[in-house]
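In UniProt numbering, the protein residues as written are 1 to 135.
Note that beta-carbon positions come from the ideal geometry of N, C-alpha and C, so glycine has one too.
This structure is a prediction, so every number in the text was calculated from the model and none was measured.
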Amino acid sequence: MEKNKEELEGKLEDAGKHFSEERFWGKLAKFAKKAGASVVYAVLLLYFTLKKPDVPVKAKTTIIGALGYFILPVDLIPDMAVGIGFTDDLGALGIALIQVAMYIDEDTKQKAKQKLADWFGDNVSTKEIDAKIGG
1 MEKNKEELEG KLEDAGKHFS EERFWGKLAK FAKKAGASVV YAVLLLYFTL
51 KKPDVPVKAK TTIIGALGYF ILPVDLIPDM AVGIGFTDDL GALGIALIQV
101 AMYIDEDTKQ KAKQKLADWF GDNVSTKEID AKIGG
(Lines of atoms letter the chains of each structure in order from A; the text may use other names.)
(Lines give C-alpha, C1' and ligand atoms only; values in the text may rest on other atoms or scores of the structure.)
Protein backbone atom coordinates (compact mmCIF):
# COMPACT_ATOMS: atom_id res chain seq x y z
CA MET A 1 0.00 0.00 0.00
CA GLU A 2 2.83 2.38 0.89
CA LYS A 3 4.49 1.72 -2.47
CA ASN A 4 1.27 2.63 -4.32
CA LYS A 5 0.99 5.87 -2.36
CA GLU A 6 4.61 6.73 -3.19
CA GLU A 7 4.02 5.93 -6.87
CA LEU A 8 0.92 8.14 -6.96
CA GLU A 9 2.76 10.98 -5.22
CA GLY A 10 5.54 10.67 -7.81
CA LYS A 11 3.02 10.77 -10.65
CA LEU A 12 1.31 13.80 -9.14
CA GLU A 13 4.63 15.57 -8.75
CA ASP A 14 5.46 14.92 -12.42
CA ALA A 15 1.97 16.00 -13.48
CA GLY A 16 2.36 19.26 -11.58
CA LYS A 17 4.88 20.34 -14.20
CA HIS A 18 1.97 20.56 -16.65
CA PHE A 19 -0.11 22.96 -14.56
CA SER A 20 -0.68 26.51 -15.74
CA GLU A 21 -3.62 28.87 -15.27
CA GLU A 22 -4.22 29.05 -19.02
CA ARG A 23 -4.19 25.29 -19.57
CA PHE A 24 -6.28 24.72 -16.46
CA TRP A 25 -9.12 27.09 -17.42
CA GLY A 26 -8.94 25.98 -21.07
CA LYS A 27 -9.39 22.30 -20.24
CA LEU A 28 -12.03 23.00 -17.62
CA ALA A 29 -14.08 25.14 -20.01
CA LYS A 30 -13.74 22.59 -22.81
CA PHE A 31 -14.52 19.46 -20.78
CA ALA A 32 -16.69 20.68 -17.87
CA LYS A 33 -19.91 19.15 -19.14
CA LYS A 34 -18.24 15.91 -20.21
CA ALA A 35 -16.31 15.57 -16.93
CA GLY A 36 -19.44 16.10 -14.87
CA ALA A 37 -20.31 18.18 -11.85
CA SER A 38 -18.41 16.05 -9.31
CA VAL A 39 -15.10 16.28 -11.17
CA VAL A 40 -15.57 19.99 -11.82
CA TYR A 41 -16.48 20.69 -8.19
CA ALA A 42 -13.40 18.78 -6.98
CA VAL A 43 -11.20 20.70 -9.43
CA LEU A 44 -12.66 24.04 -8.38
CA LEU A 45 -12.25 23.27 -4.67
CA LEU A 46 -8.59 22.49 -5.26
CA TYR A 47 -8.08 25.53 -7.46
CA PHE A 48 -9.60 27.99 -5.00
CA THR A 49 -7.69 26.36 -2.12
CA LEU A 50 -4.47 26.78 -4.13
CA LYS A 51 -5.19 30.52 -4.39
CA LYS A 52 -5.38 30.98 -0.61
CA PRO A 53 -2.22 32.65 0.73
CA ASP A 54 -2.24 30.78 4.06
CA VAL A 55 -2.06 27.27 2.54
CA PRO A 56 1.36 25.66 3.15
CA VAL A 57 3.69 24.92 0.24
CA LYS A 58 3.39 21.13 0.72
CA ALA A 59 -0.40 21.33 0.35
CA LYS A 60 -0.08 23.61 -2.67
CA THR A 61 2.35 21.13 -4.24
CA THR A 62 -0.22 18.37 -3.79
CA ILE A 63 -2.91 20.55 -5.37
CA ILE A 64 -0.72 21.55 -8.31
CA GLY A 65 0.10 17.89 -8.92
CA ALA A 66 -3.57 16.89 -8.95
CA LEU A 67 -4.57 19.80 -11.18
CA GLY A 68 -1.62 19.10 -13.45
CA TYR A 69 -2.81 15.50 -13.76
CA PHE A 70 -6.29 16.78 -14.62
CA ILE A 71 -4.98 18.89 -17.50
CA LEU A 72 -2.53 16.31 -18.81
CA PRO A 73 -3.43 15.49 -22.40
CA VAL A 74 -2.55 11.82 -21.83
CA ASP A 75 -3.39 9.96 -18.64
CA LEU A 76 -4.28 6.44 -17.54
CA ILE A 77 -7.78 6.52 -19.02
CA PRO A 78 -8.18 8.90 -21.97
CA ASP A 79 -10.60 11.71 -21.11
CA MET A 80 -12.39 11.12 -24.39
CA ALA A 81 -13.47 7.61 -23.31
CA VAL A 82 -17.24 7.88 -22.94
CA GLY A 83 -18.49 7.26 -19.42
CA ILE A 84 -15.14 6.48 -17.80
CA GLY A 85 -12.68 9.01 -19.20
CA PHE A 86 -12.44 11.13 -16.07
CA THR A 87 -12.47 8.27 -13.55
CA ASP A 88 -8.72 8.36 -12.96
CA ASP A 89 -8.79 12.16 -12.76
CA LEU A 90 -11.44 11.99 -10.03
CA GLY A 91 -9.33 9.45 -8.16
CA ALA A 92 -6.27 11.73 -8.20
CA LEU A 93 -8.42 14.74 -7.33
CA GLY A 94 -10.08 12.84 -4.48
CA ILE A 95 -6.75 11.89 -2.93
CA ALA A 96 -5.59 15.50 -3.14
CA LEU A 97 -8.87 16.74 -1.65
CA ILE A 98 -8.53 14.44 1.34
CA GLN A 99 -4.92 15.55 1.89
CA VAL A 100 -5.78 19.27 1.84
CA ALA A 101 -9.32 19.12 3.29
CA MET A 102 -8.29 21.05 6.39
CA TYR A 103 -7.64 24.11 4.21
CA ILE A 104 -11.00 24.02 2.41
CA ASP A 105 -13.28 26.44 4.23
CA GLU A 106 -16.83 27.63 3.57
CA ASP A 107 -15.59 30.59 1.50
CA THR A 108 -13.68 28.21 -0.78
CA LYS A 109 -16.74 25.97 -1.10
CA GLN A 110 -18.95 28.94 -1.97
CA LYS A 111 -16.56 30.15 -4.69
CA ALA A 112 -16.48 26.65 -6.18
CA LYS A 113 -20.26 26.29 -6.00
CA GLN A 114 -20.80 29.67 -7.68
CA LYS A 115 -18.53 28.72 -10.57
CA LEU A 116 -20.13 25.26 -10.73
CA ALA A 117 -23.56 26.92 -11.05
CA ASP A 118 -22.29 28.86 -14.08
CA TRP A 119 -21.77 25.58 -15.95
CA PHE A 120 -24.41 23.29 -14.47
CA GLY A 121 -27.11 25.51 -12.97
CA ASP A 122 -28.18 25.92 -9.36
CA ASN A 123 -29.56 22.43 -8.78
CA VAL A 124 -26.27 20.52 -8.62
CA SER A 125 -25.62 18.45 -5.53
CA THR A 126 -22.15 18.68 -4.02
CA LYS A 127 -23.01 16.48 -1.03
CA GLU A 128 -20.87 13.52 -2.12
CA ILE A 129 -17.65 15.54 -2.40
CA ASP A 130 -18.49 17.67 0.66
CA ALA A 131 -18.98 14.51 2.72
CA LYS A 132 -15.54 13.22 1.71
CA ILE A 133 -13.84 16.41 2.88
CA GLY A 134 -15.84 16.75 6.07
CA GLY A 135 -18.45 19.27 5.05
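Item, Value
"Three-state secondary structure assigned by DSSP to residue 52", "coil"
"Alpha-carbon spacing of residue 49 relative to residue 20, whole angstroms", "15 Å"
"Nearest-angstrom Cβ-Cβ length linking residue 24 and residue 47, presumed shorter than 8 Å", "7 Å"
"Given 8 Å, three or more beta-carbon pairs between the stretch 50-60 and the stretch 113-124", "no"
"Residue 65, buried or exposed, once every other Cβ within 10 Å from all chains shown has been counted against 16", "buried"
"Nonlocal neighbours in the same chain, by C-beta distance under 6 Å from residue 104, ignoring five residues either side", "45, 49 and 133"
"Contacts around residue 37, its chain only, beta-carbon distance under 6 Å, and the 5 residues preceding and following it disregarded", "120 and 124"
"Residue 112 versus residue 41: straight-line alpha-carbon distance, rounded", "6 Å"
"For residue 108, three-class secondary structure by DSSP", "helix"
"Residue of 34, 35, 93 and 107 minimising C-alpha distance to residue 62", "93"
"Burial state of residue 43, where buried means 16 or more other Cβ atoms lie within 10 Å", "buried"
"Option in 27, 28, 39 and 108 with minimal Cα separation from residue 55", "108"
"Pick from 118, 98, 115 and 102 that is closest to residue 128, judged by C-alpha positions", "98"
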